[in-house]
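Engineer:
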Amino acid sequence: MNPSFWLFKSEPETYSIDDLRNAPDQTTCWEGVRNYQARNLLRDKIQLGDRVLFYHSACAQPAVVGTAIVVREGYPDHHAWDTRHHYFDPKSDPGNPRWFMVDVQFESKFSRPVTLAEIRATKALAKMELLRKGSRLSIQPVRKTEFDRIVQIAERM
DNA sequence: GCCAACGTTGGC
DNA sequence: GCCAACGTTGGC
Numbered sequence: 000m001n002p003s004f005w006l007f008k009s010e011p012e013t014y015s016i017d018d019l020r021n022a023p024d025q026t027t028c029w030e031g032v033r034n035y036q037a038r039n040l041l042r043d044k045i046q047l048g049d050r051v052l053f054y055h056s057a058c059a060q061p062a063v064v065g066t067a068i069v070v071r072e073g074y075p076d077h078h079a080w081d082t083r084h085h086y087f088d089p090k091s092d093p094g095n096p097r098w099f100m101v102d103v104q105f106e107s108k109f110s111r112p113v114t115l116a117e118i119r120a121t122k123a124l125a126k127m128e129l130l131r132k133g134s135r136l137s138i139q140p141v142r143k144t145e146f147d148r149i150v151q152i153a154e155r156m
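Using numbering that gives the first Met the number 0, read the first sequence as starting at 0 and increasing by one per residue.
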């Protein structure tokens, strides 16, 4: 199976590409997704070896800042059952988990961010979900051509 | 901080 | 099932 391609949003003040690079094994569980559409992707679609664009959102310079790779497929987000956890959700039942996550491993940090403005200005990227008006999906599919183009822009100093 | 867009909740 | 109210996201 060929890998699929995704874009994961994260607020850098919460979890940045540097946090991922500095994490043990440069790996983290992608916890805290509480949206059903994104949940379905995490649970059903995202596979081992899939490639991820790491996007910094809700910050001074929204941008794709690097890449990651999926190293564990969807499994229940157990934080939803921890009453003291920020991501606790009383409606998630361990017998029938409501929320899922995957594990991702750091792959690269771009030598420079590929900003939302640049993405918007690139014709070949015009169809990205990221650019859809009102789009807020924090886990979204990306075409291989789009993934490749963004990496290419990052390398084109 | 503002605000548009979206998702969820809950009364009816 | 409708829809108003509310909470969240995220660019600016």
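Ideal Cβ placement from N, Cα and C applies to all residues, glycine included. Since the model is a prediction, treat every value here as computed from it, not as a measurement.
(1) Verify whether the separation of the beta carbon atoms of Gln60 and Pro93 is less than 9 Å.
(2) Report the partner residues of Phe4 according to the DSSP bridge assignment.
(3) Would you kindly report the start and end of the unbroken alpha helix (DSSP H) that includes Gln36?
(4) Cα separation between Thr27 and Gln104?
(5) Would you be able to state if there are at least three C-beta pairs under 8 Å between the segment 79-90 and the segment 37-46?
(6) Nearest to Thr13 by alpha carbon, out of Phe109, Tyr54 and Pro2?
(7) Taking the continuous alpha helix (DSSP H) assigned at Ile68, which residues delimit it?
(8) Which partner residues does Lys108 have in the DSSP bridge list?
(9) Can you tell me which residues form a DSSP beta bridge with Thr27?
(10) DSSP three-state label for Asp92, please.
(11) On the CB-based measure, 16 or more other CB atoms within 10 Å of its CB, does Ala120 come out buried or exposed?
Structural biologist: Result, derived from the coordinates:
(1) The Cβ atoms of Gln60 and Pro93 lie no closer than 9 Å to each other.
(2) Looking at the DSSP output, Phe4 sits in a beta bridge with Arg50 and Val141.
(3) Per DSSP, Gln36 belongs to the alpha helix (DSSP H) from Tyr35 to Asn39.
(4) Going from the Cα of Thr27 to the Cα of Gln104 covers about 7 Å.
(5) Fewer than three beta-carbon pairs drawn from the segment 37-46 and the segment 79-90 are found closer than 8 Å, and the two stretches are therefore not classed as touching.
(6) Ranked by Cα distance from Thr13, the first of Phe109, Tyr54 and Pro2 is Tyr54.
(7) Ile68: not part of any alpha helix (DSSP H); member of the beta strand (DSSP E) spanning Ala62 to Pro75, first to last residue.
(8) According to DSSP, Lys108 bridges with Gly65.
(9) Within the DSSP secondary-structure output, Thr27 pairs in a beta bridge with Val103.
(10) The answer is strand: DSSP assigns Asp92 an E or B state.
(11) The residue in question, Ala120, is exposed, as its Cβ has fewer than 16 Cβ neighbours within 10 Å.
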